[in-house]
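As they're listed, the protein sequences go chains B and G.
For the first sequence, this note's numbering assigns the number 114 to the initial residue and increments by one for each residue that follows.
For the second sequence, this note's numbering assigns the number 368 to the initial residue and increments by one for each residue that follows.
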Amino acid sequence: EAGVAQSPRYKIIEKRQSVAFWCNPISGHATLYWYQQILGQGPKLLIQFQNNGVVDDSQLPKDRFSAERLKGVDSTLKIQPAKLEDSAVYLCASSFGTHTDTQYFGPGTRLTVL
Amino acid sequence: AQSVTQLDSQVPVFEEAPVELRCNYSSSVSVYLFWYVQYPNQGLQLLLKYLSGSTLVKGINGFEAEFNKSQTSFHLRKPSVHISDTAEYFCAVSDWTASKLTFGTGTRLQVTL
Chain B
114 EAGVAQSPRY KIIEKRQSVA FWCNPISGHA TLYWYQQILG QGPKLLIQFQ
164 NNGVVDDSQL PKDRFSAERL KGVDSTLKIQ PAKLEDSAVY LCASSFGTHT
214 DTQYFGPGTR LTVL
Chain G
368 AQSVTQLDSQ VPVFEEAPVE LRCNYSSSVS VYLFWYVQYP NQGLQLLLKY
418 LSGSTLVKGI NGFEAEFNKS QTSFHLRKPS VHISDTAEYF CAVSDWTASK
468 LTFGTGTRLQ VTL
């Protein structure tokens, strides 16, 4: 069974530039999550999708971050414009359902904002 | 609101020694508890989870954890560690009101010969 795929693995940009990350969840998983993991901290949920609807985006900085999940499968997370404090690893995860179901994580995208 | 505290940021241990990684949580409702492991340059992988029932939960790679409701703890243990257990370990909590996971800040387990 293929795992959660993410691309790119690494990205370096200048502040005020824009960037996009892509995630392909495990086939059949209805729930998709985007997390931000700053160095030395645990992952923080940015947004959660159930199929193609948003369940929770309470910690997403909506003035600069946006995310979509097309047709309830792949998802993209965009930052525009980027700030220095956005430097982090962005993790995508998926699960069959919610609450008690195991979340499967991708390898992450390491973003460096200069 | 729920929260997780991992008091130890780093735990050094010799190979074949026992280890305990501590986790305390805070929540106003019944919780679900998880331990994830993150190897270098990899995503997180589930070690074990507590949903209900027996308070002693066994996971992969010889790890186990015990849910203690009175102490609001979910400590992770392994009787004998290996070099390959060197990684970052995250405790996480969710509950029936919020499907999202809230993670602790992580504990770096460093196993040496």
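Every residue, glycine too, gets a C-beta built ideally from N, C-alpha and C.
With residue i as the anchor, note down where its beta strand (DSSP E) starts and where it stops.
i, result
"residue 145(B)", "144-150"
"residue 205(B)", "201-208"
"residue 191(B)", "188-192"
"residue 170(B)", "Run containing residue 170(B): none; DSSP gives neither H nor E here."
"residue 177(B)", "Here residue 177(B) belongs to no beta strand (DSSP E), and DSSP marks it neither H nor E."
"residue 222(B)", "222-226"
"residue 398(G)", "398-405"
"residue 135(B)", "132-137"
"residue 458(G)", "454-462"
So is residue i buried or exposed if we call it buried at 16+ other beta carbons inside 10 Å?
i, result
"residue 171(B)", "exposed"
"residue 432(G)", "buried"
"residue 198(B)", "exposed"
"residue 420(G)", "exposed"
"residue 192(B)", "buried"
"residue 209(B)", "exposed"
"residue 478(G)", "buried"
Please report whether the beta-carbon of residue i lies at a distance below 8 Å from any beta-carbon of chain B.
i, result
"residue 406(G)", "no"
"residue 420(G)", "no"
"residue 479(G)", "no"
"residue 439(G)", "no"
"residue 409(G)", "yes"
"residue 472(G)", "yes"
"residue 400(G)", "no"
"residue 388(G)", "no"
"residue 457(G)", "yes"
"residue 374(G)", "no"
"residue 413(G)", "yes"
"residue 425(G)", "no"
"residue 436(G)", "no"
"residue 445(G)", "no"
Output yes if chain G places a C-beta closer than 8 Å to the C-beta of residue i; else output no.
i, result
"residue 170(B)", "no"
"residue 158(B)", "yes"
"residue 185(B)", "no"
"residue 215(B)", "yes"
"residue 227(B)", "no"
Expressed to the nearest angstrom, what Euclidean distance is found between the alpha-carbon atoms of residue i and residue j?
i, j, result
"residue 439(G)", "residue 142(B)", "31 Å"
"residue 458(G)", "residue 128(B)", "33 Å"
"residue 423(G)", "residue 399(G)", "13 Å"
"residue 386(G)", "residue 397(G)", "27 Å"
"residue 450(G)", "residue 123(B)", "28 Å"
"residue 200(B)", "residue 154(B)", "13 Å"
"residue 467(G)", "residue 480(G)", "38 Å"
Excluding five sequence neighbours on each side, which residues of the same chain lie with their C-beta closer than 6 Å to the C-beta of residue i?
i, result
"residue 377(G)", "475"
"residue 135(B)", "120 and 189"
"residue 411(G)", "403 and 405"
"residue 425(G)", "431"
For residue i, collect the residues of the same chain with a Cβ closer than 7 Å to its Cβ; drop the 5 residues on either side in sequence, then sort them by chain order.
i, result
"residue 130(B)", "194 and 195"
"residue 372(G)", "391 and 471"
Suppose the cutoff is 8 Å on Cβ atoms and the five residues either side in sequence are ignored; what does the same chain contact list for residue i look like?
i, result
"residue 169(B)", "158, 160 and 161"
"residue 126(B)", "132, 195, 224, 225, 226 and 227"
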